[in-house]
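Scroll down for the structure; my scribbles are underneath it.
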Amino acid sequence: MKNVYVASAGLAKFGRRDGSLFELALEAVTNMQSPELMEKVDAVYFGNMSGEKFTNISNLSSSIADHIGLSGLPALRVESGSSSGAGVFQAGFLAVASGCYERVLVLASEKMTHLSTADTTGILSEVIDPVERRHGCTMTALAAMVTRRYMHDHGLTPDDLALVAVKNHDNGLLNPYAHFQKKIDLETVRNSRLIATPLRLFDCSPISDGAAAMILTSKPANVRITGIGHGTEHVAVQFRNSLTSFEATHRAAAMAYKMSGRKPDQIDIAEVHDAFTSFEIIDTEDLGFFAPGQGFKALLNGVTKLDGELPVNPSGGLKARGHPVGVSGLAQVVELVWQLFGDAGRRQVHGVKIGLSQSIGGLASNNLVNILEVV
């Protein structure tokens, strides 16, 4: 298996955007550190969750290649729910590692904000088990159940939970690509609208448009991908052994740690899936950073802040950077690359050598973990 490196990475700004799915993708490509490498790619891998439903367009991989000026190259779409961005990253990695291609463009784009909140929620809920959906389950309702159980088991309070949003908005304030560049405080979260008890508006990631792009290559560069992992779990939550731990993350993390030869205490920085604030806490435990029930205590002690021992979601996470569903998993890796390159601007964490990303598909039924290192 060949070594795989990241040659360049870029984002389109997240938020409510006027541009189309294709225009956002082109913006992300143009914003890469070395867009001229586009002329040398052998294939295009495109990540997207629900383009057909959001835009009424299918055959997206060849359409994307056409719109960014790469028509004629092999083009493939990857979908794994809301972890599609991480899924396409791993597909591109495997294509280069196998020796099939020397250099590939990995791209993800999602356009969501032009639809009503009700329509968007309906589309997002289609990743849930059909039986549970027929009984009224939505992503937010299931996330609220998970959060309540964690509170019951470990003593987490609503104010403790709110500090995830406060931290990630502080980080997003430093990220010019973030949907929200707005500082909030505990009172802001407390006074926000209740969505599904105990989750309030500021406990939930926003509906966003956005895109991310990256060139992976077998030619040596400053950042190498050293570990990938992928795990699944029962789609129906009723069949799971635990509500407060995601087995798919455990499986993915074990694979990535084994492949990289790293352990949780060697990770310098992490981007994890915080579509709901409680998920960030659970993710950090499932990844082995903290013991069960200790993730929120690490947050309270400042461990996961930008200047803490293990900065988590320096980009602002899905909560503040935004959550264009098929893009977020790749955007996490872009943030790691920028941090490892030393290109993260005001949110740069100094001295980072090893970064980890974790992305959730569906209600934690299709999860991926990636580890990248400075060469």
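First residue of the sequence shown: 39, per the working numbering; consecutive thereafter.
We put the CB at the ideal spot given by N, CA and C, even for glycine.
Everything numeric in this text was worked out from a predicted model, so none of it was measured.
Cα-Cα, which of the options is closest to residue i?
{"i": "R228", "options": "V204, G380, D312, M177", "result": "V204"}
{"i": "N408", "options": "G53, L338, V126", "result": "V126"}
{"i": "N206", "options": "H272, D191, L224, H190", "result": "L224"}
{"i": "R359", "options": "V390, R289, A216, F327", "result": "A216"}
{"i": "I253", "options": "S397, Q128, S163", "result": "Q128"}
{"i": "D56", "options": "L143, D306, G123, T151", "result": "T151"}
{"i": "S403", "options": "V144, S122, G53, M76", "result": "S122"}
{"i": "D306", "options": "S316, T315, K296, T322", "result": "T322"}
{"i": "G53", "options": "V363, I319, S246", "result": "S246"}
{"i": "L368", "options": "S397, D345, T342", "result": "S397"}
{"i": "L111", "options": "V144, H192, T264, I319", "result": "V144"}
{"i": "A124", "options": "A146, D104, A103", "result": "A146"}
{"i": "L132", "options": "K40, Q71, L162, E90", "result": "K40"}
{"i": "E148", "options": "I319, S96, D104, V202", "result": "S96"}
Give me, in chain order, the residues of the same chain whose beta-carbon lies closer than 6 Å to that of residue i; leave out the 5 immediate sequence neighbours on both sides.
{"i": "A66", "result": "G48, L49, A50, A249, A250, A251"}
{"i": "A382", "result": "W376"}
{"i": "R115", "result": "F84, L98, S99"}
Would you give the residue range spanned by the alpha helix (DSSP H) that residue i belongs to?
{"i": "N97", "result": "No alpha helix (DSSP H) holds N97; DSSP gives it neither H nor E."}
{"i": "F84", "result": "No alpha helix (DSSP H) holds F84; the beta strand (DSSP E) holding it covers 81-85."}
{"i": "N209", "result": "196-210"}
{"i": "H190", "result": "177-192"}
{"i": "D324", "result": "315-324"}
{"i": "D157", "result": "155-162"}
{"i": "L406", "result": "Looking at the DSSP string, L406 is not in any alpha helix (DSSP H); the run it does join, the beta strand (DSSP E), is 404-412."}
{"i": "G130", "result": "122-135"}
Given residue i, which residues of its chain have a CB within under 8 Å of its CB, disregarding the five upstream and five downstream residues?
{"i": "E140", "result": "D80, V134, T255, S256, K257"}
{"i": "V169", "result": "A274"}
{"i": "R166", "result": "The amino acid at residue 166 is misidentified as Arg; the sequence shows Ile. C175, T176, M177, L180, V273, G400, L401, listed in sequence order."}
{"i": "P73", "result": "S46, G48, V67"}
{"i": "P330", "result": "H192, T282, S283, E323"}
{"i": "G389", "result": "D306"}
{"i": "S163", "result": "R171, C175, T176, M177"}
{"i": "T270", "result": "A286, R289, S403, N404, N405"}
Counting only the same chain and skipping the five closest in sequence on each side, list residues whose C-beta sits under 7 Å from that of residue i.
{"i": "I106", "result": "A63, L64, V67"}
{"i": "A292", "result": "G267"}
{"i": "P196", "result": "P236"}
{"i": "V412", "result": "N260, V261, L378, K391"}
{"i": "D157", "result": "none"}
Quick one: measure Cβ to Cβ for residue i and residue j, integer angstroms, because I've assumed they're closer than 8 Å.
{"i": "A313", "j": "S230", "result": "So it is not a contact: roughly 16 Å between Cβ atoms."}
{"i": "L337", "j": "V184", "result": "Rounded, the Cβ-Cβ distance is 17 Å, inconsistent with contact."}
{"i": "E61", "j": "M87", "result": "18 Å between Cβ atoms; not a contact."}
{"i": "T287", "j": "D324", "result": "4 Å"}
{"i": "E309", "j": "L374", "result": "6 Å"}
{"i": "N209", "j": "S366", "result": "Between S366 and N209 the Cβ distance is about 15 Å, and since that is not below 8 Å, they are no contact."}
{"i": "T182", "j": "A234", "result": "A small fix is needed here, since residue 182 is Ala in this sequence, not Thr. That pair is a contact at about 4 Å."}
{"i": "Y295", "j": "G265", "result": "7 Å"}
Check whether the Cβ of residue i lies closer than 7 Å to any Cβ atom in chain B.
{"i": "F277", "result": "Absent here is chain B; the protein component of the structure consists of one chain."}
Would you mind reading off the limits of the beta strand (DSSP E) that contains residue i?
{"i": "Y295", "result": "Run containing Y295: none in the beta strand (DSSP E); it sits in the alpha helix (DSSP H), 285-298."}
{"i": "E309", "result": "307-310"}
{"i": "E225", "result": "That residue, E225, is in no beta strand (DSSP E); its alpha helix (DSSP H) goes 224-228."}
At 4 residues or longer, what runs of the alpha helix (DSSP H) sit wholly inside the stretch 338-374?
355-358
Considering only residues of the stretch 377-401, which uninterrupted beta strand (DSSP E) runs meet the minimum length of 3 residues and lie entirely inside it, listed in chain order?
392-397
Can you list the beta strand (DSSP E) stretches of 3 or more residues lying completely in the stretch 243-282, in chain order?
247-255, 261-270
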